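In this note's numbering, the protein residues as written are -14 to 269.
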């Protein structure tokens, strides 16, 4: 669903861009907007990011607005975006770990991760919103941003012995925060005041230990987990989805196998939507 929407939206915007006339004496920024990598729905607006541009599509009047460094963004190459409904703000993460918070016409830059000296990768893989907080799954751990206060709230380094570890996704139930990493699936009590202490994080015994876990989504009270036995950069890899029951702490069943990379999994309108490199699947 998301991939199909991105494709149609990108195609529509490419055609619209060709049809627009530029007034004499004005300048126009030409950026490649036709390679969409991430979308976020914000009321009547849909934000769509390519790796070198960002635009909004208004679902009411079908208008398109392009955002770039010329209009206030801090960088060019985007890694991912996510919308926070409570704060009515968009978080834009760049490939160099810089961050912009877009509040309507106001753009607030948070360069903390970009400026900080960190061993290993600073890549921001994914952003998960919970209340006013944004949880950034990064190449070294988890960074929490308070969208209301517009500041970095905390950093969780959860690898063995307090080491940096690739965190690819974060999800929540009523009791725990879960982290999908390159070594294991971790969880911690969401009410713990010491989530920045690696010792409060426990690894979950799963059917496939030692593989890369990279996507999480809660659906019907169960945690849907994706793992891969191939390189993340390779779209032709073996990905598998399985169901973890947090109550019994057991793996219920294998949901699906795929010979292609699963890009996103999300609950929508009571269905589980799985978007991989070549198809979109729906489960209920």
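Glycine included, every Cβ here is placed at the ideal spot set by N, Cα and C.
Bear in mind that the values here come from a model prediction, so they are computed numbers and not experimental data.
On a CA-only basis, which of the options is nearest residue i? Give me that one, please.
i           : options               : result
residue 258 : 72, 22, 225 and 204   : 204
residue 62  : 81, 45 and 52         : 81
residue 86  : 108, 29, 137 and 254  : 137
residue 269 : 252, 83 and 141       : 252
residue 156 : 147, 196, 206 and 133 : 206
residue 247 : 118, 58, 199 and 255  : 199
residue 134 : 188, 66, 116 and 124  : 116
residue 230 : 65, 260, 142 and 191  : 191
residue 234 : 256, 170 and 147      : 170
residue 154 : 197, 187, 183 and 266 : 197
residue 149 : 108, 34 and 26        : 108
residue 103 : 124, 160 and 53       : 124
residue 151 : 201, 54, 51 and 164   : 164
residue 132 : 119, 266, 34 and 265  : 119
Which word fits residue i, buried or exposed, when buried means at least 16 other C-beta atoms lie within 10 angstroms of its C-beta?
i           : result
residue 210 : buried
residue 239 : exposed
residue 10  : Because the pLDDT at residue 10 is just 48, under 50, the model does not fix this residue reliably, and the point stays unresolved.
residue 83  : buried
residue -5  : For residue -5, the predicted model reports a pLDDT of 44, less than 50, meaning its position is unreliable and no value from the coordinates is stated.
residue 28  : exposed
residue 166 : buried
residue 126 : buried
residue 147 : exposed
residue 290 : For the chain, the structure presents residues -14 to 269; residue 290 sits outside this window and is missing.
residue 232 : exposed
residue 111 : buried
With respect to the alpha helix (DSSP H) encompassing residue i, which residues constitute its N-terminal and C-terminal limits?
i          : result
residue 99 : 97 to 100
Taking the beta strand (DSSP E) that residue i belongs to, which residues open and close that run?
i           : result
residue 134 : Here residue 134 belongs to no beta strand (DSSP E), and DSSP marks it neither H nor E.
residue 82  : That residue, residue 82, is in no beta strand (DSSP E); it is neither H nor E in DSSP.
residue 252 : 247 to 253
residue 25  : 21 to 27
residue 38  : 38 to 43
residue 50  : 49 to 52
residue 107 : First-last for residue 107: undefined, no H or E at that position.
residue 34  : 30 to 35
residue 266 : 265 to 268
residue 228 : 224 to 230
residue 62  : Unbroken run through residue 62: none, as it is neither H nor E.
residue 143 : Careful: residue 143 lies outside any beta strand (DSSP E) and carries neither H nor E.
residue 213 : 207 to 213
residue 157 : 152 to 157
residue 258 : 256 to 261
Consider the Cβ of residue i: report whether some Cβ of chain D lies at a distance smaller than 8 Å.
i           : result
residue 136 : Here chain D cannot be found, since the structure has a single protein chain.
Looking at the ligand FMN, does it come within less than 7 Å of residue i, judged from the CB to the closest heavy atom?
i           : result
residue 124 : By its list of ligands, the structure shown contains no ligand whatsoever, and the ligand FMN lies outside what it can speak to.
Taking three-plus beta-carbon pairs below 8 Å as touching, is the region 35 to 45 in contact with the region 89 to 101?
Not touching, per the Cβ criterion.
Pairs of beta-carbons, one from the region 223 to 230 and one from the region 174 to 185, closer than 8 Å: are there three or more?
no
So within the region 169 to 201, which uninterrupted beta strand (DSSP E) runs reach at least 3 residues, ignoring any that extend past its ends?
170 to 174 and 187 to 189
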